[in-house]
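Working notes for the structure below.
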Amino acid sequence: MSYLDSLIPPIREHRHPETALAHGSTRLGHGQRRNTCAVLAQAERSFTQGSICPLLPALGIMTSLPETVVLLHGAVGCGSCAAGNNVNIRAGNTARGRASKDAVWLSTALNEINVINGGEEKLTQAIIEAESLYHPKAILAVSGCLPGVIGDDIDGVAARIQEQVTAKILPVHCEGFKSRFMATAYDVVYHAVGRHLMPAKAVGPKDPKLINVMNVGSMGLTDEKEITRILGELGLRTNFFPVFSHPESFADSTRAAMSISICPTHDDYFLNHLSEKYGVPYIIRHMPIGIKNTGQWIADIGLKMGLGSKAENLIKKEEEELLAALDEFKPLFKDKSAFVSAGEYRSLATALLLRELGFKVLGIRSFHFDSFAEVELDKLETGADFVFNVANVQPFEEANLLKKLKPDIFLGHWHGNSTAARLGIPTQVIYNSGYAYMGYQGAYDLARRLHRRLANPSFYQRLAGYARLPYREQWYDKDPFSFIRESV
Amino acid sequence: MTGNFIERPRWTCALGGALAAVGNLPQTVPILHSGPGCAGNFAWTNNGSLGLNVTGPCLGLNVPATNIQEKEVVFGGLDRLREEIENALSIMDGQLYFVLTGCLPEVIGDDVEALISEFSAQKIPIISASPAGFKGDSYYGYEEVLKTLIRSYIRPTQARATRLVNVWGLAPGVDPFWRGNLDGIRELLSLLDLKSNFFFGPDSDLTSLAKASRAAKNIVVSGLYGLTAAKLFQEKFGVDYVQAPLPIGASASERFLKIVGRALKIPGRKVNRAISNAGRRHYVYLEPIIDVFNDMEAQRHVLIVGDANYALALSDFFAQDLGWLPELVAVVNDLSPDSQKNLLDWQTKTGGTVPGKLIFENRLSEISKAALEIWPNSGAKYFNSKKPVFVAGSSLERELAKSLGAAHLSLTYPISNRAVLTRGYTGYSGGLNLTEDAVSAVISER
Chain A
460 MSYLDSLIPP
470 IREHRHPETA
480 LAHGSTRLGH
490 GQRRNTCAVL
500 AQAERSFTQG
510 SICPLLPALG
520 IMTSLPETVV
530 LLHGAVGCGS
540 CAAGNNVNIR
550 AGNTARGRAS
560 KDAVWLSTAL
570 NEINVINGGE
580 EKLTQAIIEA
590 ESLYHPKAIL
600 AVSGCLPGVI
610 GDDIDGVAAR
620 IQEQVTAKIL
630 PVHCEGFKSR
640 FMATAYDVVY
650 HAVGRHLMPA
660 KAVGPKDPKL
670 INVMNVGSMG
680 LTDEKEITRI
690 LGELGLRTNF
700 FPVFSHPESF
710 ADSTRAAMSI
720 SICPTHDDYF
730 LNHLSEKYGV
740 PYIIRHMPIG
750 IKNTGQWIAD
760 IGLKMGLGSK
770 AENLIKKEEE
780 ELLAALDEFK
790 PLFKDKSAFV
800 SAGEYRSLAT
810 ALLLRELGFK
820 VLGIRSFHFD
830 SFAEVELDKL
840 ETGADFVFNV
850 ANVQPFEEAN
860 LLKKLKPDIF
870 LGHWHGNSTA
880 ARLGIPTQVI
890 YNSGYAYMGY
900 QGAYDLARRL
910 HRRLANPSFY
920 QRLAGYARLP
930 YREQWYDKDP
940 FSFIRESV
Chain B
136 MTGNFIERPR
146 WTCALGGALA
156 AVGNLPQTVP
166 ILHSGPGCAG
176 NFAWTNNGSL
186 GLNVTGPCLG
196 LNVPATNIQE
206 KEVVFGGLDR
216 LREEIENALS
226 IMDGQLYFVL
236 TGCLPEVIGD
246 DVEALISEFS
256 AQKIPIISAS
266 PAGFKGDSYY
276 GYEEVLKTLI
286 RSYIRPTQAR
296 ATRLVNVWGL
306 APGVDPFWRG
316 NLDGIRELLS
326 LLDLKSNFFF
336 GPDSDLTSLA
346 KASRAAKNIV
356 VSGLYGLTAA
366 KLFQEKFGVD
376 YVQAPLPIGA
386 SASERFLKIV
396 GRALKIPGRK
406 VNRAISNAGR
416 RHYVYLEPII
426 DVFNDMEAQR
436 HVLIVGDANY
446 ALALSDFFAQ
456 DLGWLPELVA
466 VVNDLSPDSQ
476 KNLLDWQTKT
486 GGTVPGKLIF
496 ENRLSEISKA
506 ALEIWPNSGA
516 KYFNSKKPVF
526 VAGSSLEREL
536 AKSLGAAHLS
546 LTYPISNRAV
556 LTRGYTGYSG
566 GLNLTEDAVS
576 AVISER
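Protein chains in written order, with the working numbering: chain A, 460 to 947; chain B, 136 to 581.
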């Protein structure tokens, strides 16, 4: 039986029990990591700062779907972050030549009476009202924490009401307290897509040149264009999803010759489904960030598609061209140190790129760590040692590390750069949709922006003279990982 | 306003409003006792709502939080909270620790008050509020914070500072212009030689906050927010309050000064002199643009969308200060018919104007329908089009403004397309700011 046969998707803790959220080592140490893998997954912090639950990244995907209404079932604040996602949705629509429209998100705004009496009736009526007001193709009925605690059955509501409603109703389980890992977000969205927007069997005919590319919220059209360009050189075409995909277009994925992941920790749930149910084979290895990484990503596709030598030639040509272009920036990067902090795969792949550009990588923070990223960590083991910290943000550990390591530049996730900035370190965002990060063009463009950042760090230097972090001075004398319990 | 959902809510929940308030108290460390995504949710919400204001030393993802999981939902979250508080005391630098409880601990029944009493031997005070998300909106959370400060932090005193007033009703991190607006109100009060205590923001401190009960009066600059806290303050410390509309611009500032002057028994002569001096100075700034303002026929029909603080205050500004014509005002708060009536009665009683049409509505789709009645598509040869239109609303009204061929300025929550630092619209200087910004929006293609 497939996971997709159940109403409720499994959480990452069940599907990938090796996934870790809390780890810190001042030395990487190959053996140490392998031996402690089981322990890592159990580790917790006895002090934590606010974080991100699966609802947040899930909303980033859901609000991007055209002709779709996102109906948040929860307290009025639950998912109010759609206002922030909306900034990217507007930009993404504009980039794609569509009108700069706001996403449609609604809240059932559960109140005290609903908490006592249940919110199913309110959700039912809200779905009917949303249908008549917006006439969408799909309504995503998204459960926040509250319905999960008071016992609302969103699947039951969706099943009961579907007959009366033209739009496809997709129940989406985002009860934040049920999973520690935001990676669960991708599974719950794919679960809903797989159960409600996919055909009973593959739609024909097969397209031998079509490649499914699973995009991520952080890659905007710029990155998609680069991937399309690269695969186009091999005579292949791309079908990107789920971000910005029309709800009626998901079925196209069953026609593809193969699927490939951009960020392996995101996608195994749906790649397996496409393979098992529709016979679409897949690759889930490497991320096309970094020069060698991009080459490996292309080479894998080449092998699978019988285009091996064509791929090799392309990689060689692209690398030559790029390396020559990077010469302009490399003198400034030489002897500079960097610290990188982001999603699991992205942080590790970006660290590899930084080394390729000539930086010394002092530390890497990953928001979680699981078996998908072992290969990336392996690639990093040949160079100089670095601090490796697994943390679902937790800026207090970061502040401590940065005070000790004093990198010349910090590369961080969206909303993850302000600690470094307050410490006077110039920062470069490495997760913001619309900017170039991927492929050869992305490598060049990130280098160009890093060069620009290092060329004039005065904003950060002045900021550090006055800005305040909220920690006691004594904290900086302590081990940054003092609050991690490796086993519980 | 009926229905079973709110469209693109123009606020976050009580916990979000409370966190914004506590995070802007001086030397204060908020501690969230809630599910794992609340802090991130508020940070991302602010990204698209608050004129780019997201972080603070102890806001954004810096805030200590229990991030409770299924285990705590089943077995209770107090052990996790105890551990979090103990460690927060050792690592976070603060003079006041403020625990805020969200939806999950509230539903499962964690007794946070009892837990906090375990820490009573601590030198640094720890206090708590329970602004669970399902209890209300951001403003409700702001008031819960005020009430906790009144109950647990502000000390009673016999001393009275006759020239000192506390100012409430402007919620930090909920009103995108709260800092600038507080500055504008400080400026107005100083015209009457009054000193103001705001609790929040760059010029506040905990010592003054703890001694707030010596104030001569509480001033609530809102028809809706801050009132329950003001009543509690009166009950507890015997200091009464006066309510005045958010004073946006010169006319509203005059009314504000008169209301406050009367309440504090300041001689009318002195109030009038202050008004006359400030007005004279105000128009020295405004006069030079009169030529072009007239010749370009800057006068506009206005559509306003905003909360109970802003919508009517903006309407008054455009009507009374600029001589523009507010045709449609949408107040986005979800108010009972009684509360709606009270708000309107108060508006006229305090010298405010009544716009062409006033609706209580937060669904943009419904606001757009009301707009279509005022601005129908007509091909008639002679037709009072009520154009050109100026839209004073949130960022969400941009598509509507475009359909009306109107200039648009983001003035109310959510604001994604402006960077807001010192900007404020209260007082005389705020009126000049708003004139600058509104007219600049009208002539952006000039």
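Here a beta-carbon is modelled for each residue, glycine too, at the ideal position from N, C-alpha and C. Every value quoted in this text rests on a predicted model; they were computed, and no experiment measured them.
Exercise. Between the C-alpha atoms of residue 623 of chain A and residue 140 of chain B, what's the straight-line distance to the nearest angstrom?
Worked result: One-based indexing of the first sequence puts residue 623 of chain A at position 164. One-based indexing of the second sequence puts residue 140 of chain B at position 5. Taking the straight line joining both Cα atoms gives about 18 Å.
For this session: Can you tell me which of the three DSSP states residue 565 of chain B falls into?
Result: Looking up residue 565 of chain B in the second sequence gives position 430. Reduced to three states, the DSSP call for residue 565 of chain B is helix.
Exercise. Per DSSP, what kind of secondary structure is residue 402 of chain B in: helix, strand or coil?
Worked result: As a working note, residue 402 of chain B is residue 267 in the second sequence. Correct three-state label for residue 402 of chain B: coil.
For this session: Using alpha carbons as the reference points, say which of A/523, A/516, A/576 lies closest to residue 551 of chain A.
Result: As a working mapping, residue 551 of chain A is identified with position 92 in the first sequence. Nearest option by C-alpha distance: A/523.
Exercise. Based on the DSSP output, what are the partners of residue 685 of chain A in its beta bridges?
Worked result: Translated into the one-based positions of the first sequence, residue 685 of chain A becomes position 226. None; residue 685 of chain A has no bridge partner.
Exercise. Measuring CA to CA, which of A/692, A/831, A/679 is closest to residue 699 of chain A?
Worked result: Against the first sequence, residue 699 of chain A aligns to sequence position 240. Closest option to residue 699 of chain A, Cα to Cα, is A/679.
Problem set entry | Inter-residue Cα distance where the pair is residue 311 of chain B and residue 548 of chain B | The residue given as residue 311 of chain B occupies position 176 in the second sequence. The residue given as residue 548 of chain B occupies position 413 in the second sequence. Near 7 Å, if we compare the C-alpha coordinates of residue 548 of chain B and residue 311 of chain B.
Exercise. When you compare only the Cα positions, how much space is there between residue 224 of chain B and residue 216 of chain B?
Worked result: Here residue 224 of chain B refers to the residue found at position 89 when the second sequence is read from its first residue. Here residue 216 of chain B refers to the residue found at position 81 when the second sequence is read from its first residue. Cα to Cα, the separation comes out at about 12 Å.
For this session: Leaving out five residues on either side along the sequence, give the residues of the same chain with a beta carbon under 6 Å from the beta carbon of residue 490 of chain B.
Result: Here residue 490 of chain B refers to the residue found at position 355 when the second sequence is read from its first residue. Correct list, in chain order: 450, 461, 464.
Exercise. Which residue from B/282, B/335, B/294, B/326 puts its Cα closest to that of residue 302 of chain B?
Worked result: For this step, residue 302 of chain B is matched to residue 167 along the second sequence. For the residues B/282, B/335, B/294, B/326, the minimum Cα distance to residue 302 of chain B belongs to B/335.
Exercise. Terminal residues of the continuous beta strand (DSSP E) containing residue 183 of chain B?
Worked result: Indexing the second sequence from 1 puts residue 183 of chain B at position 48. Neither: residue 183 of chain B is in no beta strand (DSSP E) and is coded neither H nor E.
Exercise. Looking at chain A, which residues of the stretch 250-279 of chain B have a Cβ within less than 7 Å of any of its Cβ atoms?
Worked result: 268, 269, 270, 272
For this session: Measure the alpha-carbon distance for residue 268 of chain B versus residue 534 of chain A and round it to whole angstroms.
Result: What you label residue 268 of chain B is simply residue 133 of the second sequence in a count that begins at 1. What you label residue 534 of chain A is simply residue 75 of the first sequence in a count that begins at 1. Going from the Cα of residue 268 of chain B to the Cα of residue 534 of chain A covers about 5 Å.
Problem set entry | Unbroken stretches of the alpha helix (DSSP H), 4 residues or longer, contained in the stretch 490-573 of chain A | 496-501, 514-521, 541-554
Problem set entry | Length-filtered (4 minimum) alpha helix (DSSP H) runs lying within the stretch 713-800 of chain A | 723-737, 750-763, 767-785, 789-792
Problem set entry | Span separating the alpha-carbon of residue 195 of chain B from that of residue 695 of chain A | Residue 195 of chain B sits at position 60 when you count from the first residue of the second sequence. Residue 695 of chain A sits at position 236 when you count from the first residue of the first sequence. When rounded, the distance between both Cα atoms is 43 Å.
Problem set entry | Limits of the unbroken beta strand (DSSP E) element including residue 934 of chain A | Translated into the one-based positions of the first sequence, residue 934 of chain A becomes position 475. Element bounds for residue 934 of chain A: n/a, residue is neither H nor E.
Exercise. Based on Cα-Cα distance, which residue from A/626, A/707, A/562 lies nearest to residue 532 of chain B?
Worked result: Within the second sequence, numbered from 1, the residue matching residue 532 of chain B stands at position 397. Looking at the Cα atoms, A/562 is the closest of the given residues.
For this session: Could you list which residues in chain A have their beta carbon closer than 8 Å to that of residue 164 of chain B, in chain order?
Result: Numbered from its first residue, the second sequence carries residue 164 of chain B at position 29. The contacting residues are 929.
For this session: Can you have a look at residue 780 of chain A and say buried or exposed, based on whether 16 or more other CB atoms are within 10 angstroms of its CB?
Result: The count along the first sequence starts at 1 and reaches residue 780 of chain A at position 321. Burial call: exposed.
Problem set entry | residue 662 of chain A versus residue 711 of chain A - alpha carbon distance | Looking up residue 662 of chain A in the first sequence gives position 203. Looking up residue 711 of chain A in the first sequence gives position 252. Cα to Cα, the separation comes out at about 7 Å.
Exercise. If residue 434 of chain B sits next to residue 458 of chain B, beta carbons under 8 Å apart, how far is it from one beta carbon to the other, in whole angstroms?
Worked result: Here residue 434 of chain B refers to the residue found at position 299 when the second sequence is read from its first residue. Here residue 458 of chain B refers to the residue found at position 323 when the second sequence is read from its first residue. That pair is a contact at about 6 Å.
Problem set entry | Helix, strand or coil at residue 822 of chain A according to DSSP, with G and I counted as helix | What you label residue 822 of chain A is simply residue 363 of the first sequence in a count that begins at 1. Residue 822 of chain A falls in the strand class under three-state DSSP.
For this session: Kindly list the residues whose CB is nearer than 7 Å to the CB of residue 767 of chain A, restricted to its own chain and excluding five residues on each side of it in sequence; keep chain order.
Result: Stepping through the first sequence from its first residue, residue 767 of chain A is reached at position 308. Result list for residue 767 of chain A: 761, in chain order.
Exercise. Does DSSP put residue 664 of chain A in a helix, in a strand, or in coil?
Worked result: Position 205 of the first sequence, counting from 1, holds the residue named residue 664 of chain A. Three-state DSSP puts residue 664 of chain A in coil, outside helix and strand.
For this session: Identify the continuous alpha helix (DSSP H) that holds residue 483 of chain B and give its terminal residues.
Result: Counting from 1 along the second sequence, the entry for residue 483 of chain B is found at position 348. Its alpha helix (DSSP H) spans residues 472-484.
Problem set entry | Residue burial classification, residue 733 of chain A (beta-carbon count within 10 angstroms, cutoff 16) | Reading the first sequence from its first residue, position 274 is the one you call residue 733 of chain A. With 16 or more other Cβ atoms within 10 Å, it is buried.
Exercise. CA-CA distance, residue 880 of chain A and residue 832 of chain A?
Worked result: Your numbering for residue 880 of chain A matches position 421 in the first sequence. Your numbering for residue 832 of chain A matches position 373 in the first sequence. The alpha-carbon atoms of residue 880 of chain A and residue 832 of chain A are separated by roughly 28 Å.
Problem set entry | Where residue 830 of chain A sits in the DSSP three-state scheme | Start at 1 with the first residue of the first sequence, and residue 830 of chain A comes out as number 371. Looking at residue 830 of chain A - three-state DSSP - the assignment turns out to be helix.
Exercise. For chain A, is any of its Cβ atoms less than 8 Å away from the one on residue 547 of chain B?
Worked result: For the purposes of this step, residue 547 of chain B is taken as the residue at position 412 of the second sequence. False, the Cβ-Cβ gap to chain A never drops below 8 Å.
Exercise. Is there at least one Cβ from chain B nearer than 8 Å to residue 848 of chain A's Cβ?
Worked result: Counted from its first residue, the first sequence places residue 848 of chain A at position 389. So, not an interface residue.
For this session: List the endpoints of the continuous alpha helix (DSSP H) containing residue 606 of chain A.
Result: In the first sequence, residue 606 of chain A corresponds to position 147, counting from 1. Element bounds for residue 606 of chain A: 604-609.
Exercise. Who are the Cβ neighbours of residue 942 of chain A in its own chain at under 7 Å, not counting the five residues just before and after it?
Worked result: Counted from its first residue, the first sequence places residue 942 of chain A at position 483. Cβ neighbours of residue 942 of chain A beyond the five flanking positions: 504, 505, 506.
Exercise. Which term fits residue 469 of chain B, buried or exposed, when burial requires 16 or more other beta carbons within 10 angstroms of its beta carbon?
Worked result: Position 334 of the second sequence, counted from the first residue, corresponds to residue 469 of chain B. When all chains shown are included, residue 469 of chain B counts as buried.
For this session: Taking the CB atoms as reference points, tell me whether residue 607 of chain A and residue 637 of chain A lie closer together than 8 Å.
Result: Translated into the one-based positions of the first sequence, residue 607 of chain A becomes position 148. Translated into the one-based positions of the first sequence, residue 637 of chain A becomes position 178. It is a contact, given that the beta carbons lie within the stated cut-off.
Problem set entry | DSSP state of residue 512 of chain B mapped onto helix, strand, coil | On the second sequence, residue 512 of chain B is found 377 positions in, with the first residue counted as 1. Coil at residue 512 of chain B, not helix or strand.
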